[in-house]
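With the first letter of the sequence shown counted as 1, position 54 gets the number 77 in the working numbering; the numbers rise by one all the way through.
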Amino acid sequence: MNAQTGTRTAWSRWARTTWAIVLGAALALPSQAGAQSKTGTTLGQFLLIEPSARIAALGNAGGAIESGLEGAYYNPAAAGRIERRALEFAHIDWFAGIRYDYVAAALPLGSWGTGFASVTSLNSGEIDVRTVSQPLGTGERFSVSDMAIGLGFGRAVTERFSAGVQFKYLQETVWHSTASTVTFDVGTIYRIRPGGLHIGSSLSNFGTAAGYSGRDLRITYDGDPTRNGDNGTLPGERFVQDYPVPILFRVGVGVPWRPSPEWVVWTVAEAIHPNDNTESVSAGLEATFRDLVAVRAGYQSLFKEDSEEGLTLGTGLKGRLESWDYRIDYAWADHGRLGGVHRLALGLLY
24 MNAQTGTRTA WSRWARTTWA IVLGAALALP SQAGAQSKTG TTLGQFLLIE PSARIAALGN
84 AGGAIESGLE GAYYNPAAAG RIERRALEFA HIDWFAGIRY DYVAAALPLG SWGTGFASVT
144 SLNSGEIDVR TVSQPLGTGE RFSVSDMAIG LGFGRAVTER FSAGVQFKYL QETVWHSTAS
204 TVTFDVGTIY RIRPGGLHIG SSLSNFGTAA GYSGRDLRIT YDGDPTRNGD NGTLPGERFV
264 QDYPVPILFR VGVGVPWRPS PEWVVWTVAE AIHPNDNTES VSAGLEATFR DLVAVRAGYQ
324 SLFKEDSEEG LTLGTGLKGR LESWDYRIDY AWADHGRLGG VHRLALGLLY
């Protein structure tokens, strides 16, 4: 057996192992989710905010899209076919003035595959501290901030099959208290042929539970309030329970087709099984003219109980500036009574 054959065999084994992990998780998650929604019971909800403006306009059905770095959030296998150095910047005006920012970079490693990294930030800005006795404010201000740093790797194992994995460290901070943990994503994409059906599956945010700690949980108490003269300000600390992370299992399909030489149309659909909510289906359509201008529409979270999500719309523009290819994408997503959310993203290839 030569070195090349040995490498292919090793990657083939890794691919089969990846499929086993993903399918095993698919079987395990229903028992965790049960028959009811567990909304609000998981830590790190900011991990569920999708950064890509392009895929958000397609109803966030991104599990089978492998066209670039923007798909790595949904499925790390998408990074396996990146052949040039890539950068991705995204900004979202989230609810109540909350700011969301996302930065990702990819570096091709030749025949080894592609490495990529990402940084996610969510910040509430400063908020007045209010108490029952001081409802107008104590004069203090606090903030809530979330952060995640990811490192991943993807590889096109064959012309048809690609796989990837990403590890993330996340931290949530509420004033002086924090919670942190480590999660990982794993995914695969299989395409019948480059211009044919794409099938993707991924497991996102699989990790350990975590709880908050910090000086905000420190208290003073009276060990025996029925006695007089004892120390009524004994130091103590509240202990909070650990919360799981929001695990997602995705299975998606995508079909590109050319109605004419100048147009390329992508149709995508995806089924999502979370561990803290009910299952849902999302779908979208993208039409690109001469690889320059794209229009997109989709619908997210079909069949999800009590969903406030719905219609998504967007557009995109591609161009070239000296040695850089750039892509600018915009998306709007309806969130029912919470209003609409606007996303703006910039992608660069060098």
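For each residue, glycine too, the CB sits at the ideal point set by N, CA and C.
Taking a contact to require three or more Cβ pairs closer than 8 Å, the segment 315-326 and the segment 246-265 do not qualify as touching. Considering only W280, A102 and V126, the residue with the shortest C-alpha distance to W135 is A102. One thing to note: T137 has its Cβ no nearer than 8 Å to the Cβ of G91. The C-beta distance from A80 to A354 rounds to 4 Å, short enough to meet the 8 Å contact threshold. Residue environment: N228 is assigned as buried (16 or more neighbouring CB atoms within 10 Å of its CB, all protein chains considered).
In this structure, I215 is the residue among S168, A202, G120 and I215 with its C-alpha nearest to the C-alpha of E182.
The Cβ-Cβ distance between G82 and G321 falls below 8 Å. For D239, the three-state secondary structure derived from DSSP is helix. Burial state of A232 is exposed, judged by a 10 Å Cβ sphere holding fewer than 16 other Cβ atoms. If you look at I351, you'll find it in the beta strand (DSSP E) that goes W347 to D357. Under the DSSP assignment, A186 falls in the beta strand (DSSP E) whose first and last residues are F184 to V197. When DSSP states are grouped into helix, strand and coil, F262 belongs to the coil group.
In terms of CA proximity to L132, G175 leads the group S147, G175, E149 and P158. Within the same chain, G86, N98, G210 and R273 come within 6 Å of S225 by CB-CB distance, once the 5 residues on both sides are set aside.
Counting other Cβ atoms within 10 Å of its Cβ, D169 reaches 16 or more and is therefore classed as buried.
Counted as a single uninterrupted DSSP element, the beta strand (DSSP E) harbouring A109 occupies residues A109 to D116. A distance below 8 Å between beta-carbons, with the five flanking residues on each side excluded, links L130 to the following residues of its chain, in chain order: R108, T137, G138 and F139.
With 16 or more neighbouring CB atoms inside 10 Å of its own CB, S305 falls in the buried class. Annotation: F190 to G173 spans about 5 Å, alpha carbon to alpha carbon.
According to the DSSP assignment, A127 belongs to the beta strand (DSSP E) that extends over R122 to P131. DSSP links L174 through a beta bridge to A140 and F190.
With respect to A186, R104 sits apart: the two C-beta atoms are not nearer than 8 Å.
Separation of D208 and L271 (C-alpha to C-alpha, rounded to the nearest whole angstrom) is 9 Å.
Residue pairing of R366 in beta bridges, as defined by DSSP: I115 and A354. Note on geometry: alpha-carbon atoms of L308 and D357 lie some 16 Å from one another. When the alpha-carbon of V364 is set against those of E332, W347, L340 and L371, the nearest one is in E332.
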